[in-house]
Each structure stands twice: as C-alpha cells, then as structure tokens.
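Data first, discussion second: the structure below is written as structure tokens.
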Amino acid sequence: MTKPRTSKPKALPQKSPAVSQTTRKVGNTPKLVTKAAPKTGKIPVSVTSSKLQTLSTSALSGSTFLNRELSWLAFNERVLYEAVNPQNPLIERLNYSAICGSNLDEFFMVRIAGIHRQIAANVTTKGPDGLLPKESLNMVRQHTHTMLREIEAVTRQIMTELRTAGVDLVRVSELSKPERTALRQQFLEQIQPVLTPLIVDPSHPFPYISNLSLNLAVTLYAGKHEEPAFARVKVPVGVLPRIVKLGDAGTGERLLLLEDVIAGHLDDLFRGRQVLQAHVFRVTRNTDYEFDEEEAEDLLATIEDGLRRRRFGSAVRLEILSDMPAEMREFLRQRLKLDDADVFELQGPLGTANLMGLDVDRPDLRFPVHQPRLPDLNGEDEEGIFHMLQQHDVLLHHPYDSFVNVLNFVQQAAEDPKVLAIKQTLYRTGDDPRLINALRTAAENGKQVVALIELKARFDEQRNISSARRLERVGAHVVYGVSGLKTHGKVTLVVRREDDKLRRYVHIGTGNYNPKTARLYTDLSLLSAREDLGSDVATLFNHLTGYADAEYQSLLVAPDTARSGFEKLLEREIANVAAGKPGWARLKFNSLTDPEMIQALYRASQGGVKVQLMVRGVCCLRPGVEGLSENIEVRSLIGRFLEHARIYAFAGDTQDGVGRAPDIYIGSADWMSRNLDRRVEVIAPVSEKKQQQQLVKLLDTEWADQRGAWALSEDGRYYKLEGTESAQQDFL
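Sequential numbering from 312 applies to the sequence shown in the working numbering.
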C-alpha cells in the first residue's frame, strides 16, 4: 500500500468574525441586512456557523458508538461550511445552502418522523449510543433549531453578497413606482391565475397543508366587533419559480421572492376585503410510510396506494417567521397537532431548498463548466465496445469520465443483432429518457429484456411506476424485486451470441443509472466480459426473478454473502498481522452505522490492522480510542461533487510485503444494517492490475485531500484539515 500524504487536523477558530445586523420590517416579513466581515486570511465563518467545528456526534461520552442523528447533523454542517467558504463562487455557495435545507427537510420527513413512530409505539429499548427514542428526540430538536437558524443566516449573508455582485434580490416595497406597476401586471397575468385563496369559517374547514409547502397565513377584516377571519394562500413553488424576475433587469438582476410578490398583491387576490396582515409559514410531514408487501397481492397497486397515503402523513415541523403574532402561531400549532418544540421560529427565508439553481446569466458566479472525459471504448472494430471488453475490463470514474459510455453500452446492446438479452436493475433513473428508450428499443427488436425496477425507491416511486408501465407496453419483462427487500444494486447483464457460443457482458456500478446525477456524484463503473462476473450476475438475476438458489464465485451479494464476506476479509487481515505480514483495510462509503461491522472494525484495530475510513456522511464509529480503535482513522470529504463511490480495499494474502495484489471491491452498499440485511446489494472484485492501481491511486489522492477533508476525533467532533490540496481538483 502506498503511504498517503497526511495533514494534521486543525480545529477551526472558536469565534466567528464580528457581523452586525439590523432588522428592517418591509411589509410583513423582516429583512436582515448583514454587513460583510473583514477579510482575515482565513475562511470566515458565518454569524452562527462557528458551531460547525464544535458539534460533537457523541451522545454519551462513555459509549463506544456515536449517535446516528448527531452524526448526520454534523455532516450537514460540513456541507454548510462550503456555503460560507469564499473559495466557492457565490451562486454555488447558495446551492450548498439550499442543499443543507433540502437535506434537513428529508431528515425531518424520515429520521425525525421515525423517532416519533418509535415513541408512539412505546419503544423502551436503548439504541447502540445508549439513548432512548425520547432522549434522542429531545437532543436532536435542540440541534435542528440551531442548524435551521445557521442555514438561514448563511443564506441571508450570501444574498447580501449577491446584491453587491449585481444580483439584486429586492422587496416589493423597494421598487420604484413604474416597477410596481409592471410587477402588478406580471402578477395579474402570470401568478394570480394559479393561486387559490382558502378562507376558514364554519362552512370551510381548516385546509390540508401539504408537505414542504410554503404558505401565507392571512387575516382579513370581518367586521366591527368580530374576530378577524383567517385565510390560507399556498405559494405555488414548483408550479411557478420561487424567484420572480422583474421584467428587463438591465445590466444587473432584479429578483423577488414569489411569496413576497404574492403578499404585496393580496388586495387583488381578496378584492373587496380588507387584508390586515400576512405571515409566511411552512409545514413538514412524516413521509416514512411502510409498505406492507406480505399482505399485498399486487405490489404496484399497493405502492400507488401508499403514495397517496404518504401525502397525508402527520405534521412533524412548523416553520414560521419571528414576526408572526402569538395567537396565529398557536392557531396553526393546534390545527397541525404539534408540540411547542416542533415549532421553529426563524428570521427567513423559509424553504431554502427552493433556492437551488438560481437562474441568472452569471457564469462568473458559478463553478467553471466541467466537460467529462469521453474515453473511446469503441475503437476501430465493428464490434465496438464488445470487442474492447473482450480484451480487458474498463473502469470509469464519474463524473470525470462521462456516463455516456454506460448509456452507449446499453444502446449498442439494444441495436446489436447478436445480442439476445439485456437484464438490468433500475433504482433511480431520473428524467433522462435515454436508458428507458434503449430498453424499449431492445424489446421492440425482439430481444429478451428484463427490467428489475425497484418501486420502493424513496421519493422516486411514481417515476419508477411510470417507467415500468412504459416498458411493459413494449413487451419487456418487468419485475418488482424480492418481497421484503429493496433492490439497490446497480447491475446490467448483456447476453451476446459469438461464434456459436454465448458470451456475457456486465456493468456493475456504485451509482444509479441516472445521467443527471452522474454529472454531480462521484461514482465508479466496471464494464467487463469476465466469465466469473457474467456467471455470477446471471445467477443473481435468476435468483431475483425466479427465486432460484444462488451461489456466487466472485460477487459479494447482500443480504446473502456481503456481511460475512466483509467480516472474513477483516479477519484475514487480523491473521496477517498475527503472522507478521502487513494488514490493512481502506474503506470508502457514504455511511457507517451497522453495530456488527463497527465491532468487526474495532476487533481489526485491536488486532493491529491499520484502518483508514473515508466516510462522507454518518459515522457511528469512534476512532482513536486507546485499546479499542487506536489504529482507525476517519475522514469525510466534501467538495463540488457529492462523494458517492463505495470502495473496499484490503491488503490481501501477502508474503513479506510482496505477493499478489490487494483485494479491492466496488459496489453499491454502505455499511448500514439496511444495506447489508434488508437490501439486494452487489459488490464486485476488481481483479485486473491496471484497475487495481487506479483505485489505489484514487484512495491515496482522496486521503491526501485538505481542501474539503475533515477528520473525526475520539470525542466525536469533526475538525477541518488545513491546506489547499484538493482531490476533486486533481481528478478534474
């Protein structure tokens, strides 16, 4: 193993630069004007984000497991750090802030909702971190309140800097009279027709407030000696852009928030009524709906019914602005059946996730456009990519290598008359039609097409249902996976007739078959014609579609052999050290939460195995504890692209430091209980020396990163590494 370059972890400064704030009321929403802090030569930290380096993921100091929820919140804070980092362009910083808001939304919809369900079910079993569900909820509530305020403060700071840069997000009250006239016309023609004001009275009950919807709570004059009437106006984000462009903005950009435009024209919406006040609020609901597969005769119908029910999950969070009157706050809280602790009083803007991808023509405020490499996998031979794979495997590193080659692999197979069958697992495909169209073409060309579509891919269920129906209409065999398991593995099998015999070609990846995210996530693709992989993948599909017994030569497959396979690899490294041989493990994945695998890593450390973990997100392992994990180091890498690849590298069966190459695998599984026990995951060995060297170099480069790397310490805190070395920049 090449010894990686390292940098000593260094804590961030405990105090943030001074930031002065003044609040100016404009309409019904306070506006925070933030003066930029002076340059200090160090990365400045926002008014509240100085806690970025102080949040400990340890719930109890004596526990050998870090708290999962706190570890996730620490990950989101590392992302938020990129939003305050001046090395990133301004619009990209706004995107990071939006990602943090979106991440936190999903955290409430799934993780917080799950804790609520445990409490409702009277669960009294402590988690690995030593906490009861109610204790975990109380602790997480405190930190999420802090994080929401951090995200909004950072967003306001970025908006102030955008204004200085000529991208001017203004309020309706700041417009000139001609601009107000033009905006009203724009409102009447392009916004008002979409709006539906809903009054609450004896004949109009309190309306259903949909998940993550942005709303205006409006009070109307009801007459002398009468209580003001309440009305709700939904801000149609999604139907309309969150950012409204004001006509021709000239050399700069004059932009307004959609909710501010609506609030500034309520008199037109409630014509003939006197509008007293309006206040923005937002609701988050439980979307952690469980599908009962065992009782389902038709899984497709069950999933569709579950999606309808999910829309009406109970509320888990109410976000309001601090200027909302106490009586209105209490009215909403009671109608939504929430505790006081579930009401988040903020400065705004609410719903920062909707600010992603600000549509302004300012390339100078964005990352430079990245054009992925497009390795020529076709060569001069008419057999194209199949001829190349007959010679050697191909390993692609996305997004630096274009995902187009994976699409081309499937498209060539669909059109090649020698190809007899294509089988593929589909988890998240996105909106790009090329992959589904290629499978449809293959079916129309008379090939056997099997699409194993995972209907339970959270938040992508409806898209996957639509894809399934499109493929069924052209005669493809559509399978919905194994009951009780999610099919998360990323695998394609192509069967081709060559010289009167059949040959199998495979693609095994760490990421989804989604061309859009393949430009945003770092992932790996292995294309191969190896007989052992082809045979194993064929066995896998027979098992998934026909429940045939499965034995694998080379693949590790969850839930059957992945956990035991990884444990044996770690045990072999312990034996290597005991025999005086080198023993190490270098592992890269998104999350590490499974208690058994963490214990296996602790045993490896105690056995003298050197362990390097690159865990982007949640990590419940406590590194560097004497007698427990002193041989384990943990890093997290955050950058322009979302680190998503999974690599599992082990020293292997070496002799005196010399011998066969290390054992290196890639695949779709994080070391979480759900991945190893409740999902179909596929992990493939990389056996050709060239590709093994490529992966070792990748791991070396990422471990040497300082620009986006954080180190996890024994006390459960993450510390930013100091330096400019950037793995992602090196790959670019």
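Glycine included, C-beta positions come from ideal geometry on N, C-alpha and C.
**Report entry** Straight-line Cα distance separating G583 from Q509
**Finding:** Position 198 of the sequence shown, counting from 1, holds the residue named residue 509. Position 272 of the sequence shown, counting from 1, holds the residue named residue 583. Note on identity: in this sequence residue 509 is Leu, with Gln being the wrong assignment. Taking the straight line joining both Cα atoms gives about 15 Å.
Query - Nearest residue (CA-CA) to V929, options V806, P636, K892 and L903 - result: Within the sequence shown, the letter at position 618 stands for residue 929. If we check each option's Cα against that of V929, L903 comes out closest.
Query - Whole alpha helix (DSSP H) elements within the segment 877 to 946, 4-residue minimum - result: 906 to 917
Report task. Could you tell me the distance, in whole angstroms, from the CA atom of G938 to the CA atom of V591? Result -> Indexing the sequence shown from 1 puts residue 938 at position 627. Indexing the sequence shown from 1 puts residue 591 at position 280. When rounded, the distance between both Cα atoms is 53 Å.
Query raised in the report: Excluding five sequence neighbours on each side, which residues of the same chain lie with their C-beta closer than 7 Å to the C-beta of P686?
Result: Here the question's residue 686 lines up with position 375 in the sequence shown. Once the five neighbours on either side are set aside, the close Cβ partners of P686 are D712 and N716.
Report task. Mind checking which residues open and close the beta strand (DSSP E) that includes N406? Result -> Position 95 of the sequence shown, counting from 1, holds the residue named residue 406. From DSSP, N406 is part of no beta strand (DSSP E) but of the alpha helix (DSSP H) over L401 to E417.
Query - Proximal residues to G624 (C-beta, below 6 Å), its chain only, five neighbours per side dropped - result: The sequence position of residue 624 within the sequence shown is 313, counting from 1. Cβ neighbours of G624 beyond the five flanking positions: R596, N597 and T598.
Query raised in the report: Leaving out five residues before and five after H709 in sequence, what residues of the same chain have Cβ atoms less than 6 Å from its Cβ?
Result: What you label residue 709 is simply residue 398 of the sequence shown in a count that begins at 1. So the list reads A829 and D834, once near-sequence residues are dropped.
Query raised in the report: Does DSSP put I469 in a helix, in a strand, or in coil?
Result: Position 158 of the sequence shown, counted from the start, is the residue given in the question as residue 469. Helix, per DSSP.
Query raised in the report: Just curious, the beta strand (DSSP E) that F655 is in, first and last residue?
Result: As a first step, residue 655 must be located in the sequence shown, where it is residue number 344. From DSSP, the beta strand (DSSP E) with F655 extends over V654 to L657.
Query - Same chain only: Cβ atoms within 7 Å of L700, ignoring 5 sequence neighbours per side - result: Here residue 700 is taken as the residue at index 389 of the sequence shown, counted from 1. The answer, listed in chain order, is Y816, L838, S839 and A840.
**Report entry** Reference V548, options D512, L506, A540 and H515, closest by Cα
**Finding:** The residue given as residue 548 occupies position 237 in the sequence shown. Checked all of D512, L506, A540 and H515; the closest Cα to V548 is L506.
Report task. Taking A1022 as the reference, give the member of R989, S382 and A493 with the closest Cα. Result -> Taking the first residue of the sequence shown as 1, we reach residue 1022 at position 711. The shortest Cα separation from A1022 among R989, S382 and A493 belongs to S382.
Query raised in the report: Do you know how far the Cα of K1031 is from the Cα of W1014?
Result: Counting from one through the sequence shown, the residue named residue 1014 turns up at place 703. Counting from one through the sequence shown, the residue named residue 1031 turns up at place 720. Approximately 13 Å, taken between the alpha carbons.
Report task. Use the C-beta contact count for G857: other C-beta atoms within 10 angstroms, 16 or more gives buried, fewer gives exposed. Result -> For the purposes of this step, residue 857 is taken as residue 546 along the sequence shown, with counting starting at 1. It counts as exposed.
Query raised in the report: Along the chain, where does the beta strand (DSSP E) that runs through K812 open and close?
Result: Numbered from 1 along the sequence shown, position 501 holds the residue referred to as residue 812. K812 to G820 is the extent of the beta strand (DSSP E) around K812.
Report task. State whether the segment 639 to 651 contacts the segment 666 to 686, with contact taken as three or more CB pairs (one from each stretch) at a distance under 8 Å. Result -> no
Query raised in the report: Which word fits L363, buried or exposed, when buried means at least 16 other C-beta atoms lie within 10 angstroms of its C-beta?
Result: Here residue 363 corresponds to residue number 52 of the sequence shown, with the count starting at 1. Its pLDDT being 45, under 50, L363 is placed unreliably by the model, and nothing is read from it.
Requested in this report: Run the CB neighbour count on G412, radius 10 Å, all protein chains shown included, and call it buried at 16 or more, exposed below.
Outcome: The residue you call residue 412 lines up with position 101 of the sequence shown. Per the 10 Å Cβ criterion, buried.
Query - Proximity of R946 and L932 at Cβ, strictly below 9 Å - result: Mapped onto the sequence shown, residue 946 falls at position 635. Mapped onto the sequence shown, residue 932 falls at position 621. No, these two residues do not count as a Cβ contact at 9 Å.
Report task. Would you identify the three-state DSSP class for P397, choosing helix, strand or coil? Result -> Indexing the sequence shown from 1 puts residue 397 at position 86. In the structure shown, P397 sits in coil (DSSP, three-state: anything other than H, G, I, E or B).
Query raised in the report: From which residue to which residue does the alpha helix (DSSP H) around R957 run?
Result: Here residue 957 refers to the residue found at position 646 when the sequence shown is read from its first residue. Taken as a continuous stretch (DSSP letters only), R957 belongs to no alpha helix (DSSP H), as it is neither H nor E.
Query raised in the report: How long is the line joining the alpha carbons of L831 and N756, rounded to whole angstroms?
Result: On the sequence shown, position 520 is the one that residue 831 refers to. On the sequence shown, position 445 is the one that residue 756 refers to. When rounded, the distance between both Cα atoms is 33 Å.
**Report entry** Cutoff 6 Å; reference Y1029; Cβ partners in own chain excluding five residues on either side
**Finding:** Within the sequence shown, numbered from 1, the residue matching residue 1029 stands at position 718. Taken in chain order, the residues that qualify are A385, W1021 and L1023.
Report task. Report yes or no: do three or more beta-carbon pairs, one from the segment 863 to 874 and one from the segment 745 to 761, lie closer than 8 Å? Result -> no
Report task. To the nearest angstrom, report how far apart L948 and A1038 are at their CA atoms. Result -> Residue 948 sits at position 637 when you count from the first residue of the sequence shown. Residue 1038 sits at position 727 when you count from the first residue of the sequence shown. Cα-Cα distance, rounded: 9 Å.
Report task. Measure the alpha-carbon distance for E641 versus I631 and round it to whole angstroms. Result -> Position 330 of the sequence shown, counted from the start, is the residue given in the question as residue 641. Position 320 of the sequence shown, counted from the start, is the residue given in the question as residue 631. Using only the alpha carbons, I get a separation of about 11 Å.
Query raised in the report: Is the CB of Q429 under 9 Å away from at least one CB in chain D?
Result: Chain labels in this structure do not include chain D; a single protein chain is all it has.
Query raised in the report: Sorted by chain position, which residues of the same chain lie with C-beta nearer than 7 Å to K437's C-beta, five sequence neighbours on each side aside?
Result: Position 126 of the sequence shown holds residue 437. Closer than 7 Å at the Cβ level, and outside the excluded window around K437, lie L443.
Query raised in the report: Can you round the beta-carbon distance between D672 and L566 to whole angstroms, since I take them to be within the 8 Å contact cut?
Result: The residue you call residue 672 lines up with position 361 of the sequence shown. The residue you call residue 566 lines up with position 255 of the sequence shown. Actually they do not touch by this definition, with Cβ atoms about 12 Å apart.
**Report entry** Cut-off 6 Å between Cβ atoms - residues of its own chain near E693, not counting five sequence neighbours on either side
**Finding:** For the purposes of this step, residue 693 is taken as residue 382 along the sequence shown, with counting starting at 1. Answer for E693: no residue qualifies.
Query - Reduced DSSP category for P355 - H, G, I as helix; E, B as strand; rest coil - result: Here the question's residue 355 lines up with position 44 in the sequence shown. With a pLDDT of 31 at P355, under the threshold of 50, the modelled position of this residue cannot be trusted; read the value that follows with caution. If DSSP states are grouped into helix, strand and coil, P355 belongs with coil.
**Report entry** Uninterrupted alpha helix (DSSP H) stretches inside the segment 500 to 578 (no shorter than 4 residues)
**Finding:** 569 to 574
Report task. Could you round the C-beta distance between T736 and T798 to whole angstroms and report it? I think they count as a contact, below 8 Å. Result -> As a working note, residue 736 is residue 425 in the sequence shown. As a working note, residue 798 is residue 487 in the sequence shown. Indeed they touch by this definition, with Cβ atoms about 5 Å apart.
Requested in this report: Determine the burial state of Q722: buried for a count of at least 16 other Cβ atoms within 10 Å of its Cβ, exposed for fewer.
Outcome: Mapped onto the sequence shown, residue 722 falls at position 411. Its Cβ being crowded by 16 or more others within 10 Å, Q722 is buried.
Report task. Return the CA-CA distance between S514 and E954, expressed in angstroms with no decimal places. Result -> Position 203 of the sequence shown, counted from the first residue, corresponds to residue 514. Position 643 of the sequence shown, counted from the first residue, corresponds to residue 954. Their backbone Cα atoms lie some 53 Å apart in a straight line.
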